[in-house]
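Protein chains in written order, with the numbering used here: chain P, 4 to 323; chain B, 65 to 402; chain V, 44 to 590.
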Amino acid sequence: MNSTAFLNIENLCKSFAHRSVVSDFCLAVNQGELVSLLGPSGCGKTTTLRLVGGFLEPDSGEIFLDGIAIQNLLPENRPVCTVFQSYALFPHMTTLENVMYGLRCSGLGFQPSRHKALEMLSTVGLADQASQNVTRLSGGQQQRVALARVLVLNPKVLLLDEPFSNMDANLRVQMRDEVRSLQSRFNLTTIFVTHDREEAMGLSDRIAVMQDGCIVQFGTPREIYTSPVNLYVAECVGHVNKVHIGDRVLAIRPEHVQINKDRGEHNGIVVSVSYLGFITRYLIDYQGDQISVDVISGHSPDLRQGEQVSLSFGSSFPVV
Amino acid sequence: MLCKFQPGKPQWYLTLLVLAFSLFNSPAFAAEQTLAVVAAYGGKEAIFAEFTKKTGIKVEFIDMSSGEVLARTEAEGGKPMADLWFGGGADSFIKAGQKGLLEMYSSPEAATVPPQYKDPKGYWTGVSLVMAGFLVNTEVLAEKKLPVPQTWADLIKPEYKGEVLVADPAISGTTYAVVACLLQKMGEEEGWKYFEALSKNVPFFAKRGGEPPKKVAAGEMAVGVAPLSGEFINMKNKFPIDTVFPKDGIPWVPAGMAIFKNAQNLAAAKAFVDWALTVEGQTIIQEKDPRIMVRPEMPTPKEMQGFSTSDLIPVDIIKIGTERQQVLDAWAKHMTAK
Amino acid sequence: MMSFEKSQIRSVRYTDLFIALLLTLPVLIFIVWPIVEVIVKSFLPEGFFSLEIYRNLFVHNSRLIFDSILSAILSTVLTIIFALAIALYVAFCSARFKRSILVALMLTMISPPFVSSLAYIMLFGKRGYIVHHVLGLTWNPYGMHGVILMQVLSNISLAALLIIGMFAMLDPRTLEASRDLGGKSWRTLCSIVLPLSMPGIVAAGFIVLIKCLADFGTPIIIGGRFTLLATEAYLAVIGRGNLPLASAISVIILIPSLMAFFFYRHYIRQTHGVSVAMQKIGDRGIEGLAMGSWASSTLGMLTWFFLFLMLLQYGAILFATVFDYRQGHFIFTLEHIQAIRLGKMASFVRSLCYSFIAAIGVSLFGALLSYYLESHKGVSSKVVDFLSTLPYILPGPFFGIGYILAFNDAPLALTGTSAIVVLNCMFRQLPVSTKATSAGLTRIDPETENAATDLGSGRLRLLFQIILPLLKPAFLMSFINTFTATMTTVGAIIFLITPQAKVVTVELFNVLRDGDYGQGAVLASMIIISTLCVNLVFTRWVIRRNG
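Take a look at the structure:
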């Protein structure tokens with residue numbers, strides 16, 4: 004274990020009704036680093052986050068923050084803050100009151116709290132909405148309030164629980180950038196839970212891919228994408244074709260397959276063509292395997308459904 | 065419509081079955097052949113059972129103090145809620161007769177009933193006498209070291225404060241009889257002085273005639289002003305209570321019986337009046353609730369041995385009925401004035 | 044072709060109008076007319092306009108009015124305080140006993156009127172078992188304190204359940220967020236939980252206040268000399284036959300109820316944003332509020348004390364059905380049960396019948412009415428909706444007296460029949476039925492309806508094959524509610540019963556007024572057990588269908 008890490012989670016276990024949800028979970032996060040927990044729903048990532056946030060008590064294991072064990076602290080006493088999936092804003096308060104809430108809880112006086120909260124609101128660009136009821140804000144604005152509400156407390160660790168899942172695609176990209184810039188500006192150690200591979204890849208310093216309550220692989224997005232330890236990890240961060248060649252099964256990413264109009268060693272038939280803008284996706288039937296192939300639009304041969312093609316395979320990894 | 069939801073489901077059939085079953089069982093559907101009675105009489109269940117046995121006419125009844133019956137019938141514009149009115153102080157009957165709420169019927173059996181116990185026009189006929197006295201809880205009295213009150217004058221002594229329960233005369237025919245009889249005996253001025261003094265000893269006026277005896281029996285009060293009928297006298301066997309015939313006069317009023325105007329089962333109602341006035345009927349009624357009966361040949365019940373009609377306060381019964389409203393208004397005024 | 048389509052549309056519209064009228068008519072006849080009659084009677088006592096009754100009431104009986112309002116407010120405040128404590132305990136502290144406490148609260152909601160008073164007199168009365176025989180005291184249970192105590196005890200379960208329901212709708216994440224931001228449990232409770240639950244708490248208070256204002260039975264049984272407006276209204280009918288006076292008093296009772304109602308509506312409108320924000324709630328319980336052990340044990344003590352009182356109450360009643368306390372010891376007796384079998388069994392069976400008929404009738408009618416109101420939004424449907432809500436805020440005596448006045452003579456001479464009792468019970472529960480249905484309707488995706496019409500289903504077919512089956516849970520809820528209410532209320536129907544139509548609650552009221560506690564215990568037990576059985580059977584049915 005990397006004992007010098009800022010946040011150190013060791014052998015965390017949690018089960019509900021005899022069903023193990025998090026088992027022997029270990030993770031070390033450096034200061035200022037943004038780490039994503041990635042995996043399909045049910046893999047235990049939200050439970051892990053709630054254990055770190057203090058909303059659940061671990062069955063066993065320890066969480067060290069800056070060298071201090073925090074797993075027995077109540078959420079109100081942990082220097083860890085969460086931005087919830089639903090934002091969990093206080094609907095009966097104004098924007099300003101929401102942001103002031105934590106400061107007031109910490110015993111700060113009204114005027115200083117107000118001052119700090121207003122400052123934070125202008126940082127996230129919501130100064131003009133200070134006296135607005137939070138329920139009247141748009142989704143993106145609500146998210147900024149949720150962020151401002153925790154950032155103003157200057158937490159040691161920020162937890163983000165699928166914060167973009169309630170947004171449309173454009174807003175999602177915009178908010179992702181905003182969160183990333185705020186995070187690096189405040190140099191916040193952050194754990195980010197998501198099931199969206201693109202989000203995880205785009206946002207994280209490192210990604211921890213989770214399966215059945217523990218980490219399968221932990222590394223930079225590039226490491227995980229290019230050298231997944233197994234098919235599960237490979238599929239978590241991108242599409243993978245499974246191709247039977249002889250008695251071997253290979254896993255190949257769609258962009259590592261080349262299509263030739265001439266006959267060759269591996270011949271197949273075009274099943275469908277989807278134009279997706281920047282790329283064009285072909286579905287090729289190759290000896291019973293449906294292989295999807297991504298080609299940058301314009302760089303592809305003009306193929307039609309039913310056409311005979313040959314394939315050549317680039318970098319691949321064997322399926323265990 | 066119900067079956068249309070999902071005819072195949074057994075639950076709906078179950079509901080319908082239960083419903084149908086309960087409908088067939090409903091006495092409401094058999095109401096036509098039954099005599100409807102409002103009653104304020106001890107042992108009424110048994111009395112009606114005997115009547116049904118004799119005549120085959122079924123009886124449905126409801127408990128109501130006589131004042132309540134008068135008020136409800138008046139409130140509903142004289143529309144009768146029942147066929148027959150059985151029991152309760154005659155004062156309400158007199159008033160109801162004067163207001164035209166009753167059917168005139170002179171039973172052939174009423175011939176032997178003395179005139180002071182029945183209406184000259186035949187609106188109502190007495191069944192028995194309601195006499196008022198005290199019901200005392202000997203246990204409570206002993207515990208509080210109080211003597212058993214013997215006279216109406218005793219009741220206003222300060223030591224009984226909070227221990228005397230009296231029903232509201234607007235509701236209870238018995239209490240009304242007490243008020244009206246004592247007013248006639250003492251005269252208006254003395255009478256009201258007496259009741260104002262009595263009110264100081266009464267924690268509250270009960271909202272029903274039957275409440276004082278039951279509360280005294282339960283030991284909640286030491287003394288209750290109650291009808292002195294066998295029903296209550298016999299509670300001696302179960303509870304530590306005793307009855308007192310006041311030495312300074314027993315207020316009384318006939319317990320009436322009348323047929324409501326526009327009664328739906330006139331014949332059945334008449335049959336009941338006839339039956340209740342026969343020697344057989346009187347004997348059964350006396351057996352179920354021992355009282356002095358209206359038929360002169362009926363004996364004094366054994367529970368009241370030693371009692372003589374001369375102890376009754378001599379009063380003008382018709383006046384008691386006629387002046388009912390004035391007396392009650394005066395009562396309300398005197399009782400709230402303080 | 045064109046004109047054919049047009050006429051078809053028009054005929055559909057006429058059918059709708061016809062059905063709407065058909066559904067509105069009963070509301071007008073059985074709700075509006077009696078109300079108007081009461082108000083008219085109070086201002087035109089002898090056929091011409093006079094304020095004499097009101098003047099008398101305000102001048103000579105201002106004390107009565109003051110007492111009524113004061114005691115209702117006191118009862119309400121105390122009820123809400125206790126209910127809140129219990130609700131907090133159930134929602135946040137009692138993971139292990141949560142279910143059992145909830146069941147206990149639901150059971151104690153099924154209580155016939157005066158059951159508390161009955162048990163109270165038996166246990167704590169002047170000769171009450173505990174006070175007199177165990178503690179050797181003699182005190183006076185009658186008076187304002189008795190009335191308030193009884194009203195509080197009999198309303199706590201209802202209020203607590205309403206507030207627990209509100210708590211369950213809170214987003215647990217909101218509470219977690221508060222703690223995450225450093226809010227200790229006390230602060231989270233005060234600045235998050237309570238403000239967010241306020242609509243539910245206010246609603247509970249409003250319902251309890253109206254119930255207390257309209258309660259005439261408790262003061263009669265336990266009030267002693269302490270009388271209230273509702274009692275006076277009752278006595279004006281029963282003791283004096285004075286309908287104008289009773290009407291005027293009923294109108295006076297209605298005023299605070301109406302004020303509370305409008306305040307509530309206004310309040311809800313103001314906090315609408317909040318309640319909407321809370322709608323999209325998970326069904327998981329709240330773990331977000333870890334009460335300190337001190338607070339938790341205080342709340343726990345209150346809760347268990349209340350449940351202990353309830354146990355004592357129901358235990359005493361069951362015990363008193365077969366045991367009598369005479370001359371210093373308890374003796375076993377079947378006398379009370381025999382007395383009931385002899386004279387009052389018919390009333391019990393009749394009550395069951397009436398309750399079934401009223402419950403089925405109003406559930407069907409409420410469902411249809413609500414469906415038409417929802418699907419034809421407009422000013423007139425808003426008015427009908429408001430009118431059909433009125434019985435909920437009307438004091439019981441008001442509704443009973445209104446029925447006497449409205450249905451005594453032609454054209455609808457119903458007094459003295461069974462029909463009037465059933466109709467009264469039906470329309471008194473109509474608001475619950477329509478509210479349950481409209482809540483059910485909002486859960487139906489409008490697309491479902493469109494899909495059905497699209498597939499060529501006619502309007503009636505749509506109603507009977509698509510809408511009503513989907514509303515079955517609401518229907519069953521309304522059924523259970525009306526059945527229970529009809530089995531256990533006395534408020535309005537006491538003015539309407541006759542020998543042929545007397546019901547078991549009225550018998551209970553009568554025997555209790557007589558102080559005949561043994562028979563009262565038997566009747567109360569019969570009501571409790573039968574209502575409980577029906578509740579259990581039908582609730583299981585609802586749950587099975589939903590789950």
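A virtual CB, placed ideally from N, CA and C, is assigned to each residue, including glycine. Quick caveat, the model's predicted, so the values are computed rather than measured.
Residue range of the unbroken beta strand (DSSP E) whose run includes residue i
i: V/V177; result: Counting along the chain, V/V177 falls outside any beta strand (DSSP E), and DSSP gives it neither H nor E.
i: V/V251; result: Segment L237 to A257 is the alpha helix (DSSP H) holding V/V251; no beta strand (DSSP E) there.
i: V/L455; result: Neither: V/L455 is in no beta strand (DSSP E) and is coded neither H nor E.
i: P/L111; result: Neither: P/L111 is in no beta strand (DSSP E) and is coded neither H nor E.
i: P/Q311; result: Q311 to F316
i: P/L163; result: V160 to D164
Alpha-carbon spacing of residue i relative to residue j, whole angstroms
i: B/W256; j: B/R388; result: 15 Å
i: P/E13; j: P/G57; result: 15 Å
i: V/W76; j: B/I323; result: 32 Å
i: V/V190; j: V/A494; result: 56 Å
i: V/I403; j: V/M469; result: 9 Å
i: P/L314; j: P/A237; result: 21 Å
i: V/D59; j: V/G483; result: 21 Å
i: B/I126; j: V/K545; result: 7 Å
i: P/R152; j: P/C108; result: 12 Å
i: V/V79; j: V/G282; result: 24 Å
i: P/P82; j: P/V160; result: 7 Å
i: P/F28; j: P/E60; result: 14 Å
i: B/Q328; j: V/A567; result: 33 Å
i: B/I158; j: V/G260; result: 30 Å
i: P/G222; j: P/S23; result: 25 Å
i: B/D183; j: B/V266; result: 34 Å
i: V/R222; j: P/V148; result: 17 Å
i: V/A247; j: B/A113; result: 48 Å
Cβ-Cβ separation, residue j to residue i (assumed contact under 8 Å), whole Å
i: V/S390; j: V/V547; result: 5 Å
i: B/L229; j: B/A270; result: 6 Å
i: B/T239; j: B/M321; result: With 8 Å as the limit, B/T239 and B/M321 do not qualify as a contact, their Cβ atoms being about 20 Å apart.
i: B/V243; j: B/F259; result: 7 Å
i: V/N451; j: V/T460; result: In fact, because the Cβ distance is near 11 Å, the residues do not count as touching under 8 Å.
i: V/S159; j: V/L196; result: 5 Å
i: V/T346; j: V/I570; result: Incorrect: roughly 26 Å between the Cβ atoms, too far for contact.
Beta-carbon neighbours of residue i, restricted to chain V and to distances below 8 Å
i: P/C84; result: D223 and L224
i: P/R91; result: Just to set this straight, residue 91 of chain P is Ala in the shown sequence, not Arg. Those are D214, R216, T217, E219 and A220, listed as they occur along chain V.
One or two residues paired with residue i in a DSSP bridge
i: P/C217; result: P/Q214
i: P/N244; result: P/I255
i: B/F150; result: B/A103 and B/M321
i: B/A244; result: In the DSSP output, where bridge partners are listed per residue, B/A244 has none listed.
i: P/A72; result: P/F67
Chain-ordered neighbours of residue i on chain V, where CB pairs are closer than 7 Å
i: P/G105; result: L224 and G225
i: P/E79; result: R222, G225, G226 and K227
i: P/G56; result: D223
i: P/F195; result: Simply none; closest approach about 16 Å.
Extent of the continuous alpha helix (DSSP H) run through residue i
i: P/V153; result: G142 to L154
i: B/M195; result: That residue, B/M195, is in no alpha helix (DSSP H); its beta strand (DSSP E) goes W188 to N201.
i: P/R53; result: K48 to G56
i: V/D110; result: S105 to L131
i: V/N553; result: V547 to R556
Neighbouring residues, chain P, relative to residue i (Cβ below 7 Å)
i: V/I235; result: F93
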